[in-house]
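So for the sequence shown, the working numbering puts the first residue at 729; every next one is plus one. One structure below.
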Amino acid sequence: LRTSFLQRSRKLLYKRDDIMGNLTNLRKYIFETDNSACFIERDEILGRLETEMAEYSEPDKFAIVFSKLLGEVSVPINENDYFAGRVVEALPYEGLKTANRFLCSEGHLSPDYEKILRCGLKGIVFEINDVARKKGDPESEIFAKNAIIVAEAIRDYCLRYAEKARQMGFEAMAKALRTVPYEPAYDFYSALQGIWILHMVLSCYIGARDYAFGNFDQYMLPFYESALINGQTEAELTELLAGFFIKTNEICGRCTHNYNKKPILCQSSKQYVNIGGEFPNEFSIVCLKAAELNHMAQPEIVVRLKPDADAEFTDQVFKSLAVLTD
C-alpha cells in the first residue's frame, strides 16, 4: 500500500505514508469511544435555541435553527482522517436534554447523491427557486426560502472545515471542502468528501437513523474511471474508499454491536451501500476490496447478485464474505 500516489499526496491528504497505520488508528479511535456519550455540542446548542426561539413561529424556524447549529459547532479533524466531518462527543451531565429532538428527522432515506455530486446543493436550490417562481404560490416560496438557508448553512460549515484543514496542512481536503457539496464534485476525492459531510450532518446534527448511500457503485463509477485516466491506481483509490468507509462507524460508535442505547438520535444506525444488481462494474469490486480493508461493521454492504452475474464480481463477493465476519 506504500504507493507513489501516497508519497505524492502525503502533504496534501495525510500526515503519514503508512495507510494501514491511518486505518488502524481510526479503528482504535472508534473502539475507544464511549457508548454513554452524547453529541454534547449539538444537545447544548439545541437546548439553548429551543428556549431562545420558543416564541418564534415563522415557517423558516427550523431552517434557522439548523443554520445556527452548524454555525456554532466545532470542526474537529483527526490527524489520521482521510475525510473531514466528525461530531464532538462527551458524557451528558445532569439537566442536559439528550438526545435533543428540537431538530430531528425520520431518517430512513437515500439522498440523491448522483444529482448532488453533479449539480451541487447550489444547483438544486436554483431548480427549487425556478419552480417556485413558476408556481408563484406561498408554499413554494417558503420551501425555496428554507432551501436557501439550509444549503448556505452547509456551505458555510464546510468553509469553516476547509480553513481548519488548511491550518493542519491537508490541502486537498481543504480544496474539496471549499467546493463540495455546495458546488459539483470535481474528482473522486471531492465526491467522497461531499457525500460524507452531508451524510454526517444528516445523521448526527439533524439526527435520525439509517441514511443510506443508494446505488453507490453506479453514481461513483464515472469519478473512479476519471481518476484512473488521470493516473491514480486501483490500489490508491481503494485506500481512499476504505478511509471513507471507516468514517461510517463514527456515526454511532460500537453501540451497533452491543446494543447499548447511546443517547443520540442515530443510535444503532445502519449505513447501507448498495452494489451489484443488473450492472455490476469494476468499481463494484473496488467497493468490496475497500470493505475488506475497512474491516468494520459499517457500512452495511448490500450486494444484489444475479445468478448469471459477472464471474469476477461473483468471485469477489464470496472472497469478501469469507473476510468480513462482522
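C-beta atoms are modelled at their ideal positions from N, C-alpha and C, and glycine is treated no differently.
Residue closest to residue i, alpha-carbon to alpha-carbon, out of the options
i, options, result
"Ala904", "Phe811, Asp945, Pro1027 and Leu949", "Phe811"
"Asp1038", "Pro1027, Arg846 and Pro1008", "Pro1008"
"Lys892", "Ala955, Ser802 and Gly981", "Ser802"
"Pro866", "Val1001, Glu786 and Tyr910", "Glu786"
"Tyr821", "Gly835, Glu1010 and Ile768", "Ile768"
"Asp809", "Leu819, Lys756, Pro950 and Phe951", "Lys756"
"Leu845", "Ser795, Ile876, Asp915 and Gly864", "Asp915"
"Ala955", "Ser931, His927, Thr907 and Leu920", "Leu920"
"Glu1082", "Lys863, Met901 and Gln960", "This structure cannot settle anything about residue 1082, because the visible part of the chain is limited to 729 through 1054."
"Ser931", "Thr976, Leu965 and Ile957", "Thr976"
"Leu837", "Glu780, Glu800 and His927", "His927"
"Gly799", "Asp884, Glu1040, Lys1034 and Ser918", "Asp884"
Residue j beta carbon less than 8 Å from that of residue i
i, j, result
"Glu1028", "Lys998", "yes"
"Met1024", "Ile992", "no"
"Cys1085", "Asp945", "The structure shown has nothing for residue 1085, since the chain only spans 729 to 1054."
"Ile925", "Cys886", "yes"
"Val878", "Ala791", "yes"
"Met896", "Ile805", "yes"
"Lys843", "Glu911", "no"
"Leu1021", "Thr966", "yes"
"Leu777", "Val793", "yes"
Beta-bridge partners of residue i, as assigned by DSSP
i, result
"Ala818", "Cys766"
"Tyr1000", "Glu1028"
"Leu849", "Paired residue(s): none; Leu849 is not in a bridge."
"Tyr841", "BP columns for Tyr841 are empty, so no partner."
"Asn943", "Asn1002"
Distance, residue j Cα to residue i Cα
i, j, result
"Ser868", "Arg770", "30 Å"
"Leu824", "Tyr933", "16 Å"
"Arg888", "Leu968", "23 Å"
"Gly981", "Ile773", "22 Å"
"Gly775", "Lys873", "25 Å"
"Gly971", "Ala1018", "8 Å"
"Asp858", "Ile882", "21 Å"
"Cys766", "Lys989", "11 Å"
"Asn753", "Ser764", "21 Å"
"Glu1006", "Gly749", "37 Å"
"Ala913", "Val929", "18 Å"
"Ser833", "Gly1004", "29 Å"
"Leu1052", "Ala963", "19 Å"
"Phe898", "Glu783", "43 Å"
"Cys847", "Val1030", "26 Å"
"Tyr1000", "Arg814", "19 Å"
"Gln1026", "Ile923", "16 Å"
"Thr731", "Tyr952", "Bear in mind that the predicted position of Thr731 carries a pLDDT of just 36, short of 50, making it unreliable; the figure below should be weighed with that in mind. Computed Cα separation, rounded: 18 Å."
"Phe854", "Ala875", "10 Å"
"Glu880", "Leu797", "13 Å"
"Glu817", "Asp762", "9 Å"
"Ser1048", "Pro909", "31 Å"
"Asn1002", "Pro950", "16 Å"
"Asp1036", "Phe1011", "19 Å"
"Thr1042", "Asp1054", "20 Å"
"Thr907", "Gly864", "31 Å"
"Ile758", "Ala860", "44 Å"
"Tyr841", "Thr779", "35 Å"
"Glu1040", "Leu1033", "12 Å"
"Phe871", "Ala890", "29 Å"
Cβ of residue i within 8 Å of any chain B Cβ
i, result
"Tyr757", "Judged by its chain identifiers, the structure shown contains no chain B, having just a single protein chain."
> Are the region 820-830 and the region 936-946 touching by the rule of at least three beta carbon pairs closer than 8 Å?
Replying inline: no
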